[in-house]
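Chemist: These protein sequence lines are chains G and U, in that order.
Our numbering numbers the first residue of the first sequence as 1409 and each following residue consecutively.
Our numbering numbers the first residue of the second sequence as 587 and each following residue consecutively.
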Amino acid sequence: MQDAWTLLSWGPNGWLDDIAYGVFVTVALALATLPVGLLIGFLVALAKRSSEPSLRLAGNIYTTIFRGLPELLTLFLVFYGAQIGIQQIMRLVDPSASVEVNSFVSGMVALGVVFSSYASEVFLSAFRAIPAGQYEGGYSIGLSKAQTMRLVVLPQLIRISLPGLANLWMILLKDTALVSAIGLSDILRQAGVAARVTKHAFLFFGLAGLIYLALAILSSVGIYAIERRVGRQEVAR
Amino acid sequence: MSLTANEAAATVERPPPAARRWTRERILGHALLGLWILLGIGLVAYLVSAWNIDIFQKYAPMYLDGLWVTLTLVGSSLVCGAILSIPVAYGRMSSNRLIATLAYGYVYLFRGTPLLAQAFLIYYGLGTMRPQLEAVGLWVFFRDAWNCALFAFSLNTAAYQAEILRGAIESVPKGQWEGAASLGLHKLTTLRKIILPQAAIVALRPYGNEVILMIKGSAIVALITVYDLMGVTRLAYSRTFDFQTYLWAAIIYLLIVETLRHAIEWIERRITRHLHR
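So this is what it looks like as structure tokens:
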């Protein structure tokens, strides 16, 4: 039995370097998912507030499906579904083809669609908070539709939706733990490997929990800084 | 003469309704909707073509068992969590600094870490503490993965429910408490008769969301060897390598969540009847 400090040291005897790699993977996955999720979420929100009924319906189907499925199931659907789907297509060209889908990309896609379906609701309610006069004002000084959106509406939209998006970021950070189930070496998987090898499950899973907590605290500090910056712009207006 | 005037009035030609033009939005909307319809048809066609009576007969009862495990697990942890959330919410609202900090720490701890990490910590972590647990007689409880999941979920949902409860109670204006106090009502009577009915309207939607989140979150117990709906699905997939196993699970989960969502909306309309005109 080694003592806890040896196990948590950096290097061949300790596991800290492995877990640090897990932290890197988790943070990288969350950061890579964020812009994808935000962009899709914004587009879906635009579709859902459109005056065209078919576009609204298409957007609503998207959110209904991806908010209703468990995140873990979405992940498996993307991971195995993409594997089977791509394999089928490859078989048409080369019958002996075997495809291995990247688990990082699968995780990114699955978490991205879940994030975007929630984000679209946040954007939608932020859109509702912006009075029609803002658009009319934009048009009346000769801005085009796209310019009004970019110069008048979007800055206000970001400010209004920031608290909701911050919440979603916290959820995203926690949801990344699910990718350990498809073999990506994130914090939880690295901790699990360490726990299995050393039989110190409580120590390593406790450490994993503390790291997630630290990431959450770090994020809330960052979010607070962003909110202050954005809030200052409003005062200066 | 007047008759013809009437006839003329009846046949007045109204301007034709403005023709709906094929704008870019409309084309895009129809294209996307067409894509969804194609996907839906594809799903049905796939499920029909992959229909295999042997697999169905073998796994359908297992899926039902899994569904039952999911629902009982979520139901019992929601109830345990609700009971546990009352002291936590009380602590959050307490003016005693120590109690308030402890309650805040509890809530932050469980809301800041992934449910999966909590479940692993309890299932694998407590597994390594077997001698100590046996000494206090708790091993019988934590030996079973289902109980570990129940324990983890109850602690987790208690943290979320405590925040919902606190938010709802604090959303009721202070004047309601003062008014009741001036009538000489006891604090508990005030809470039960005046505050909670008003708080329930505020709390219903977050509570409903919590139920849905728990149903979805409960899928992770498959990773700690509980055969809930997700666990059964994984088992079936690993035995048959048939992708339809996952699709059936997706359909079942979607049906549960959509049913719940509509039920919550119905309850909300019902308890806010006095607010609508």
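Ideal Cβ positions, reconstructed from N, Cα and C, are used throughout, including at glycine.
#1: Is proline 1659(G) close to chain U? Criterion is C-beta to C-beta, closer than 8 Å.
#2: Compare the C-beta of alanine 1534(G) with all C-beta atoms of chain U and state if any pair is closer than 8 Å.
#3: Do you know offhand how far leucine 712(U)'s Cα is from arginine 610(U)'s?
#4: Beta-carbon of phenylalanine 739(U) versus every beta-carbon of chain G: anything under 8 Å?
#5: Looking only at C-alpha atoms, which of Arg612(U), Val655(U) and Ser662(U) sits nearest to proline 1461(G)?
#6: Taking beta-carbon pairs under 8 Å, can you tell me which members of the region 699 to 725 of chain U lie near chain G?
#7: For my contact list, isoleucine 801(U) and valine 660(U) are in at a C-beta cut-off of 8 Å; report their separation, rounded to the angstrom.
#8: Considering asparagine 1510(G), what are the terminal residues of the alpha helix (DSSP H) in which it resides?
#9: How big is the Cα-Cα spacing for leucine 862(U) and glutamine 1495(G)?
#10: Please list the partners that valine 843(U) has in chain G, where partner means a Cβ-to-Cβ separation under 7 Å.
#11: For phenylalanine 1432(G), count the other beta carbons within 10 Å of its own beta carbon; 16 or more makes it buried, fewer makes it exposed. Which is it?
#12: Considering only C-alpha positions, which residue in the set Leu741(U), Lys779(U), Pro647(U) and Thr656(U) is nearest to isoleucine 669(U)?
#13: If you follow the alpha helix (DSSP H) that threonine 831(U) is in, where does it begin and where does it stop?
#14: Go ahead and pull the three-state DSSP assignment for glycine 1639(G).
#15: Let me see if you follow: with CB-CB separation under 8 Å, is methionine 1409(G) close to chain U or not?
#16: Specify, as a first and last residue, the run of the alpha helix (DSSP H) that tyrosine 710(U) falls within.
#17: What is the C-beta distance between glycine 1617(G) and alanine 703(U), in whole angstroms, given that I count them as a contact (C-beta under 8 Å)?
#18: Put glycine 1422(G) into one of helix, strand or coil per three-state DSSP.
#19: Glycine 1520(G) to leucine 1442(G), Cα distance in whole Å?
#20: Within 8 Å (strictly less), CB to CB, does tryptophan 852(U) reach chain G?
#21: Would the region 1508 to 1522 of chain G count as touching the region 1573 to 1592 of chain G if we require 3 or more Cβ pairs under 8 Å?
#22: Determine contact between the region 744 to 758 of chain U and the region 688 to 698 of chain U, defined as no fewer than three beta-carbon pairs at a distance below 8 Å.
#23: Please give me, in chain order, every unbroken run of the alpha helix (DSSP H) with length at least 4 that falls completely inside the region 633 to 697 of chain U.
#24: How about isoleucine 627(U): is its C-beta nearer than 8 Å to some C-beta of chain B?
#25: Using a Cβ-Cβ cut-off of less than 7 Å, list which residues of the region 1434 to 1457 of chain G approach chain U; keep chain order.
#26: If you run the structure through DSSP and keep just helix, strand and coil, what is tyrosine 1543(G)?
#27: Closer than 7 Å by beta-carbon distance: list the chain U residues that pair up with phenylalanine 1371(G), in chain order.
#28: So, is the C-beta of methionine 587(U) closer than 8 Å to a C-beta in chain G?
#29: Using DSSP with H/G/I as helix, E/B as strand and the rest coil, what is glutamate 599(U)?
#30: Let's see if you can read the secondary structure: which residues bound the alpha helix (DSSP H) around glutamate 756(U)?
#31: Flag this pair as yes or no: are the beta carbons of phenylalanine 1612(G) and alanine 1602(G) separated by less than 8 Å?
#32: If contact is defined by three or more beta carbon pairs under 8 Å, each pair taking one atom from either stretch, is the region 1443 to 1453 of chain G in contact with the region 1528 to 1535 of chain G?
#33: Considering just the uninterrupted stretch of the alpha helix (DSSP H) at valine 818(U), what are its terminal residues?
#34: Note down, in chain order, each residue of its chain lying with its Cβ closer than 8 Å to the Cβ of alanine 731(U), except the 5 sequence neighbours on either side.
#35: Along chain U, in chain order, which residues have C-beta atoms closer than 8 Å to that of tyrosine 1620(G)?
Modeler: Judging by the given coordinates:
#1: Because chain G is modelled from 1409 through 1645, residue 1659(G) falls outside the range shown and cannot be assessed.
#2: Locating residue 1534(G) in the first sequence gives position 126, where the first residue counts as 1. Chain U contact via Cβ: absent.
#3: Translated into positions along the second sequence, residue 712(U) becomes position 126. Translated into positions along the second sequence, residue 610(U) becomes position 24. Distance between the alpha carbons of leucine 712(U) and arginine 610(U): 59 Å.
#4: Here residue 739(U) corresponds to residue number 153 of the second sequence, with the count starting at 1. Not an interface residue.
#5: Sequence index remark: in the first sequence, residue 1461(G) carries index 53 (1-based). When each option's Cα is compared against that of proline 1461(G), the closest is Arg612(U).
#6: Thr699, Pro700, Leu701, Leu702, Ala703, Gln704, Phe706, Leu707, Tyr710, Gly711, Leu712, Gly713, Thr714 and Met715
#7: For the purposes of this step, residue 801(U) is taken as the residue at position 215 of the second sequence. For the purposes of this step, residue 660(U) is taken as the residue at position 74 of the second sequence. Going by Cβ atoms, the distance from isoleucine 801(U) to valine 660(U) rounds to 5 Å, so yes, they are a contact pair.
#8: Taking the first sequence and counting its residues from 1, the one referred to as residue 1510(G) is at position 102. It is not in any alpha helix (DSSP H) - asparagine 1510(G) carries neither H nor E in the DSSP assignment.
#9: Sequence index remark: in the second sequence, residue 862(U) carries index 276 (1-based). Sequence index remark: in the first sequence, residue 1495(G) carries index 87 (1-based). Residue identity differs from the one stated: residue 862(U) is histidine in this sequence, not leucine. C-alpha separation (whole angstroms): 55 Å.
#10: Position 257 of the second sequence, counted from the start, is the residue given in the question as residue 843(U). Residues of chain G passing the Cβ test: Gly1476.
#11: Here the question's residue 1432(G) lines up with position 24 in the first sequence. Flag for phenylalanine 1432(G) reads exposed.
#12: Within the second sequence, numbered from 1, the residue matching residue 669(U) stands at position 83. Taking only the C-alpha atoms, the option nearest isoleucine 669(U) is Leu741(U).
#13: Working through the second sequence from its first residue, we reach residue 831(U) at position 245. Counting along the chain, the unbroken alpha helix (DSSP H) around threonine 831(U) starts and ends at 830 to 857.
#14: As a position in the first sequence, residue 1639(G) is number 231, starting the count at 1. Residue state, collapsed to three classes: helix.
#15: In the first sequence, counting from the first residue as 1, residue 1409(G) sits at position 1. Here methionine 1409(G) scores only 49 on pLDDT, less than 50, and its place in the model should not be relied on; the value that follows carries that caveat. Taking Cβ atoms only, chain U never reaches closer than 8 Å to methionine 1409(G), which makes this a no.
#16: Taking the first residue of the second sequence as 1, we reach residue 710(U) at position 124. Note, tyrosine 710(U): premise wrong, no alpha helix (DSSP H); not H, not E.
#17: Indexing the first sequence from 1 puts residue 1617(G) at position 209. Indexing the second sequence from 1 puts residue 703(U) at position 117. Contact holds; Cβ gap of about 5 Å.
#18: In the first sequence, residue 1422(G) corresponds to position 14, counting from 1. For glycine 1422(G), the secondary structure class from DSSP, reduced to helix, strand or coil, is coil.
#19: Counted from its first residue, the first sequence places residue 1520(G) at position 112. Counted from its first residue, the first sequence places residue 1442(G) at position 34. Rounded to whole angstroms, glycine 1520(G) to leucine 1442(G) spans 7 Å at the Cα level.
#20: Locating residue 852(U) in the second sequence gives position 266, counting from the first residue. With 8 Å as the cut-off, tryptophan 852(U) does not count as an interface residue toward chain G.
#21: Segments in contact, yes.
#22: yes
#23: 639 to 679
#24: This model lacks chain B altogether; the protein chains it does include are G and U.
#25: none
#26: Residue 1543(G) sits at position 135 when you count from the first residue of the first sequence. It is helical.
#27: Any question about residue 1371(G) goes unanswered here, given that chain G covers just 1409 to 1645.
#28: Position 1 of the second sequence, counted from the first residue, corresponds to residue 587(U). With a pLDDT of only 48 at methionine 587(U), under the threshold of 50, the placement of this residue in the model should not be trusted, and no figure is reported.
#29: Working through the second sequence from its first residue, we reach residue 599(U) at position 13. Glutamate 599(U) falls in the coil class under three-state DSSP.
#30: Here residue 756(U) refers to the residue found at position 170 when the second sequence is read from its first residue. Start and end: 731 to 757.
#31: Translated into positions along the first sequence, residue 1612(G) becomes position 204. Translated into positions along the first sequence, residue 1602(G) becomes position 194. Against a cut-off of 8 Å, the Cβ pair of alanine 1602(G) and phenylalanine 1612(G) comes out as a contact.
#32: Yes: at least three Cβ pairs fall under 8 Å.
#33: Within the second sequence, residue 818(U) is the residue found at index 232, counting from 1. Note, valine 818(U): alpha helix (DSSP H), 815 to 826.
#34: As a working note, residue 731(U) is residue 145 in the second sequence. Result list for alanine 731(U): Tyr709, Val807, Ile810, Thr811 and Val812, in chain order.
#35: As a first step, residue 1620(G) is located in the first sequence; it is residue number 212 there, counting from the start. Gly698, Thr699, Pro700 and Ala703, listed in chain order.
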